[in-house]
Structures are given as structure tokens and as C-alpha cells.
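Numbered by my numbering, the letters in the sequence shown go through residues 87 to 445 in order. I have placed the structure first, in the form of C-alpha cells, so that the comments after it can refer back to it.
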Amino acid sequence: MITISIGILAYNEEKSIAQTIESVLAQCLHIDSNTGVQREIRAELVVVPNGCKDQTARVAQDAITRYFTPENSPNFFNARVCELEAAGKENAWNNFVNGFSADDVEYLVFMDADVTLAHPHVISNLIEALETNPELLIAGGNPIKHVELKDKRSTYDRLSIGATSLRKGMKGVFAGCLYCGRANFMREMYLPEALMGEDAFVRAMTVTRGFTQPDDVNLVARVESAEIIFQSYTSPGEILRNKTRRMLELTINAILYTKLWAESTKEAPAGMLMKQWQSQDPQWSARLVHDTFNERGFWAVPRQFIYKQFMQLKHQPWPRRLRYLPVAIATLPINTYAVIQANRWIIRGETRKLWDKQP
């Protein structure tokens, strides 16, 4: 028997959390072994609302009461809500990994609260990928934007799909909306308070084994059969705001990476160091980012982020380079705007507000 803990990290998701919980508790949890015998998966579900200003926690508890039944979810041994007063996905992640999840599980699954699992075997397919490849540390889902399912697509839809397809062609990456890691490895990690968006940071920590070795992209894999559907941004305002968030995430990550590369060793990898720094000074990461922004002055975001899609093209075979070159060109003005806006948010000192839900 395989044991797992599934964490849904939620911030102001009262409209979508019930559907997400329903799709998780309806999962068919087992994998087929090489001997032809099915291996059962036993799971717990932990919903972690963090700093919510709406009724996410109440709606989540109501959904668990409705859907967590022996008939509907026979492979689940527990389902509960663990609410946090403080907002922040990194805070919710740390609490789920090192506090809320059961100590003896073999795998930890991380999910966003506004997604739907496309079929009953999504989570089983993630587990199977890890079980059949002992060197693999993280298996990511295959995110599908809702606009990909539309019969008629707008220009924004096609641009959005093209940008996602470009990233999907890269090795050793995964989307933060759904991924699964080996519990013992994930618990070696720590996410700093200053972080805004955890998936790229978790990916970097994984492929470098705590910033102690060059990238090994074979430690992370996307599982094509683990499909997950999410609502993509479609209006110009939503797209630009999301792009601005991404530029801010990249900037903060780069600051943290520089420090971790300089100080991590095999004897003291990044996860161990950050736990020590956090116990000594809970504000160390926020102070590091703040001081770096002050040193850079009015322009804090690296300009090369404008050409992000062109850098992704470098890792593609020539046919894909030619196919997605128009997408990379089309993103230039969007990226330029996002970099400028990210700088403005940094100067105002209001970066956290970028994550607030828009009316």
C-alpha cells in the first residue's frame, strides 16, 4: 500500500474550492504493478486556506462534509481544513509539508484551489511515474487551459495557448497547479517568506539538489496523462496583471538564487540553511529582497526578462523554434509592459497587492 497526503493551498477561492475538492475525493487511487497486481493508494486531503478574506474555509468544510463519504472516497482515510491567519502560498506550503500532512506518508501532492482534475486517474498517474522511476523526485501534472477546449478561439486565446505550448516543450519543468514529490525530499526544503510563487523555486531547489550541483532536469518530469484543467486569463487586463506577477516572481527568485548558490554546500544544502536562517531571523528573506531593490534603485527587474520566450526557444529543436517564433515576438510588448509595471509596484512597496483578486 502507498500512502499520500494531498494539500490544496487556497487563497480567496470560495467560488471554486468545492468543485476542486469534489474532483479530488472522487479520484480512483491505485496503480498497476509489474506483476499485474493492483497496489492500493491511501490518501488524506488537507485544505489550507491562508489569509482568506472570503468564505473559502467554510465552503471547503461544507464540501468535505458533502463529498468525504465511504461510497464517494473509499481510498481516503482523512479529509480536513487547516486554516491559517497569515496569507502567502509559501507559508501555506511550509505548514502543509512540515506540520499538517501526516508524518508517515510517502508522497506529498500539491494543488491549487481553482483547478479540476480531468479524469479519475490523475493523481494515480503521478504516483505511478514516481514509483516506476526511482531517480525522479517530482512529477508534475499536465495543465490544460480552459480555452484549449473551446471550439472558437480568440487572438488572446491562441497567444495564451502558444505561450503554454512553448513552455511545455522544455524538459525539467512543471506547473505549480499540480505536482507530486517524494515526502522525504520535499521535507528537506523550506520556502522563504519573501517568495511570491513557489513552483519555479521548488523546481530550482530540486534540479540542483539544494543549489549544490548543476541542473539535472531528469529529476523532474511532466506526466502527460495527469491532466488538470484551469481557468486561464483571457481579458487583456488579466493577462497583463498576471505577466506582471510573473516578472516580480522571477526577480525575487533571482535574488534568492544568488545568495543560495553562494552559500549552499553538499554538507549544508539550501533547505537546511534557510531553516537555520529563519530560526535566527524570520525577516531574513524579506530584508534581503528589500535591500537588493534599494541598491538597484528605480529599475529593479532585470531587463533580460523581456526576452524570456526567446530564451525558452533556445532549448527547443529547430522545427519548434520556427513554429513558436511568432509567439515569442508577440510576447515582446506584453513582457515590456509587465517589466515596467513590476518596477512600479516595487517602487510603491505594494507587491503583495498584485495577488489580490480583482472584482
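Positions of the beta carbon are idealized from the N, C-alpha and C atoms, including for glycine.
- Taking Ala-356 as the centre and dropping the five residues before and after it, the same chain places the C-beta of Met-291, Gly-296, Phe-297, Leu-346 and Ser-350 closer than 7 Å to its C-beta, in chain order.
- Excluding the 5 residues flanking it on each side, Phe-260 has same chain C-beta neighbours closer than 7 Å at Ile-224, Gly-226, Asp-285, Arg-289, Val-306 and Arg-308, in chain order.
- DSSP, read as helix, strand or coil, puts Tyr-153 in helix.
- Around Trp-385, the same chain offers Asn-429 as residues with beta carbons nearer than 8 Å, after the five sequence neighbours per side are excluded.
- For Trp-441, the closest of Arg-406, Thr-344, Met-397 and Lys-175 by C-alpha to C-alpha distance is Lys-175.
- By the C-beta density criterion, Trp-404 is exposed, having fewer than 16 other C-beta atoms within 10 angstroms.
- Phe-316: not part of any alpha helix (DSSP H); member of the beta strand (DSSP E) spanning 306–316, first to last residue.
- In terms of Cβ geometry, Leu-170 and Asn-136 form a close pair [threshold 7 Å].
- Classified as buried, Ile-88 has 16 or more neighbouring CB atoms from the shown chains inside 10 Å of its CB.
- Per DSSP, Lys-352 lies in no alpha helix (DSSP H) segment and is marked neither H nor E.
- When secondary structure is reduced to three states using DSSP, Asp-200 falls in the coil class, being assigned neither helix nor strand.
- No Cβ-Cβ contact shorter than 7 Å links Cys-263 with Asp-190.
- In this structure, Val-195 lies near Cys-266, with their beta-carbon atoms less than 7 Å apart.
- Following the DSSP letters along the chain, one finds Tyr-319 in no beta strand (DSSP E), marked with neither H nor E.
- Tyr-343 and Leu-374 have their C-alpha atoms some 11 Å from each other.
- Take Gly-258, set aside five residues on each side of it, and the residues of its chain with a beta-carbon closer than 6 Å to its own are Val-293, Val-303 and Val-306, in chain order.
- A residue is called buried when at least 16 other Cβ atoms come within 10 angstroms of its Cβ; Phe-163 does not meet this threshold and is exposed.
- Along the segment 326–412, the alpha helix (DSSP H) occurs as fully enclosed runs of 4 or more residues at 356–366, 370–382 and 394–399, listed in sequence order.
- Here the alpha carbon of Ile-432 sits roughly 13 Å from the alpha carbon of Pro-388.
- Between the beta-carbon of Ala-146 and that of Ile-315 there is about 19 Å, and that puts the pair past the 8 Å contact cut.
- Phe-163 sits in a strand when the DSSP states are folded into three classes.
- Closest in C-alpha terms to Ile-127, from the list Ala-340, Val-133 and His-116, comes His-116.
- By the neighbour-count criterion, in which a residue is buried when 16 or more other Cβ atoms sit within 10 angstroms of its Cβ, Ala-178 is buried.
- Following the DSSP letters along the chain, one finds Glu-217 inside the alpha helix (DSSP H) bounded by residues 208–218.
- His-401 has its alpha-carbon roughly 34 Å from the corresponding atom of Lys-439.
- Leu-334 sits close to Thr-437, with the two beta carbons spaced by under 7 Å.
- By the neighbour-count criterion, in which 16 or more other beta carbons inside 10 Å mark a residue as buried, Arg-434 falls on the exposed side.
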